[in-house]
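Numbering (full-length UniProt numbering), first residue to last: 1 to 161.
See structure below.
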């Protein structure tokens, strides 16, 4: 039986969690990946309902915990999103504690930009450090998570090849 979930139906178990920056890949790469996984009958969690200003829900965190595999789709603006970064921290926590498999995909971004927070990621972290001046430990945790994830074996999906 093929199925997928969104944040409106978090009670269903799934095998794969997709972490992505909506404005960059929701209607392109991510939607195609989601459709393919669904066609292959791989239970996949994709959150279509997280809006700007919303906090990551307990249902979303539970979805990350329940997944066997998380696919993190790094893109130009992934580092701008505190929600994406919080998801990434949780995903890597599940990798460490539960052995969850993490597959990074670098969609039209160099892995080195993610790893070293250069380019658009450098700009994003200037803003994060200003916004979270009272909680720079959180910003440091995000930096470490990006570094760790970018060092994992993954897939380069350059658009301009």
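Each residue gets a CB set at the ideal place from its N, CA and C atoms; glycine is no exception.
Taking all protein chains shown into account, do 16 or more other C-beta atoms lie within 10 angstroms of the C-beta of residue i, making it buried, or fewer, making it exposed?
i	result
residue 21	buried
residue 35	exposed
residue 151	exposed
residue 89	buried
residue 60	buried
residue 5	The pLDDT assigned to residue 5 is 45, lower than 50, so where the model puts this residue is not dependable; a value taken from the coordinates is nonetheless given after this. Its Cβ being crowded by 16 or more others within 10 Å, residue 5 is buried.
residue 72	buried
residue 117	buried
residue 156	exposed
residue 32	exposed
Cβ of residue i within 8 Å of Cβ of residue j?
i	j	result
residue 68	residue 101	yes
residue 43	residue 106	no
residue 64	residue 91	yes
residue 84	residue 28	no
residue 146	residue 114	yes
residue 132	residue 104	no
residue 121	residue 79	yes
Taking the DSSP output, what are the residues bridged to residue i?
i	result
residue 94	Residue 94 is not bridged to any residue.
residue 19	72
residue 157	107
residue 64	Answer is none; residue 64 lacks a bridge partner.
residue 114	Partner(s): none; residue 114 has no beta bridge.
Between which two residues does the beta strand (DSSP E) harbouring residue i extend?
i	result
residue 71	69–74
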